[in-house]
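Below: one structure, written as structure tokens.
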Amino acid sequence: GAHTIVLGAGTYNLSIAGTIEEAALTGDLDITADITIVGADAATTIIDAKSLDRVFHVAGGAGRLTLSDVTITGGSVSGNGGGILVGTGASQLTLTRVIVTGNTAGDGGGIFNNGTMFLTDVEISNNGDPATAMGGGIHNRGVASLDRVTVNGNQAVDGGGIHNATPAAPILLTNVTVSGNTASDKGGGLHAENSAIIVNSTITQNTASNGGGIAENGWASIIKNT
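Numbering (my numbering), first residue to last: 9 to 234.
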């Protein structure tokens, strides 16, 4: 059933080693129900995976995770989603006043989304690695809406800040700043393998071999007041 967890100020370290396990016994925190976690604020409530695994895995179908006023850090996996992995189907992630920083993965250093994702007043910073594949900050293959989000200082081969490859719907960026991200190949700020809608946003000082700000593969993206 649905549960709410209230975390006071402090650093909460994951400490039980063991990856590739889906019952919340070892490694990452597996979300298989409707869970809300409320911190004191992102500066003082920190959930740190200590490089044991990713931080959260929102399981496909049943998982629904709502996070507010926390920092997600220290996630490290060779697979997808260093900070948070969102599964397929009805799985959902909602972040409000959350910082996702210092996580690494093969794809989606900060977040890898296969489901539905809503981010509001969120910072995605310093995730990924220049040797990893796609989406240093965010790799999106589902439905994603970002409002008042900062994507800064992330690194990947494609899509240093954001890599969007969803067949479901365009990724929506409103009042978003994408800055200082790096891709060794395509799309320093954003690599749009499918379309994006970008409104009232700033894309600046990103670098890549192809498309420092945006690399797009022929899809009908829309950019307004940006």
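The beta carbon of each residue, even a glycine, is placed where N, CA and C say it ideally should be. As the structure is a prediction and not an experimental result, all values here were calculated from the model.
DSSP state of residue i mapped onto helix, strand, coil
i: E131; result: strand
i: L22; result: coil
i: L180; result: strand
i: L33; result: coil
i: I105; result: Note on residue identity: the sequence assigns Arg, not Ile, to residue 105. R105 falls in the coil class under three-state DSSP.
i: I28; result: coil
i: T96; result: coil
i: K58; result: coil
i: N218; result: strand
i: L15; result: coil
i: N121; result: strand
i: D137; result: coil
i: E201; result: coil
i: R149; result: coil
i: S229; result: coil
i: T174; result: coil
i: S192; result: strand
i: Q163; result: strand
i: D155; result: strand
i: T234; result: coil
i: S209; result: coil
i: T52; result: coil
i: T112; result: strand
i: A41; result: coil
CA nearest to the CA of residue i, picked from the options
i: L93; options: T128, I206, R72 and N160; result: R72
i: I211; options: N202, S203, L198 and I205; result: L198
i: V78; options: V165, A51 and G9; result: A51
i: T74; options: H11, N183 and I28; result: H11
i: T182; options: G169, A173, D36 and T158; result: T158
i: A25; options: D49, N172 and L37; result: L37
i: N172; options: N160, D155, G145 and R156; result: G145
i: I107; options: A98, G161, T96 and I80; result: I80
i: K58; options: G219, A41 and Y20; result: Y20
i: D115; options: I231, M142, G95 and G97; result: M142
i: I13; options: I230, A70 and S76; result: S76
i: N111; options: D129, S84 and S229; result: S84
i: L60; options: G69, R149, I54 and G35; result: G35
i: A98; options: A70, W227 and R149; result: A70
i: D56; options: G82, L33, A41 and H65; result: G82
i: W227; options: I170, G220, A177 and V186; result: A177
i: H65; options: T185, I206, E29 and S86; result: E29
i: A17; options: A41, S203, G9 and I45; result: I45
Integer Cβ distance of residue i from residue j, believed to fall under 8 Å
i: G195; j: A223; result: 4 Å
i: I132; j: A152; result: The Cβ separation is near 12 Å, so there is no contact.
i: A113; j: R62; result: 7 Å
i: T109; j: N135; result: 7 Å
i: A191; j: D166; result: 6 Å
i: I39; j: A67; result: 6 Å
i: G118; j: G90; result: 7 Å
i: G47; j: L15; result: 5 Å
i: T234; j: N208; result: 7 Å
i: D129; j: R156; result: 5 Å
i: N218; j: E201; result: The pair is not a contact, with the Cβ atoms about 13 Å apart (cut-off 8 Å).
On the three-pair Cβ rule with 8 Å, is the stretch 120-130 touching the stretch 97-105?
yes
Could you pull out every unbroken beta strand (DSSP E) segment of at least 3 residues lying fully inside the stretch 60-88, listed in chain order?
64-66, 72-76 and 79-81
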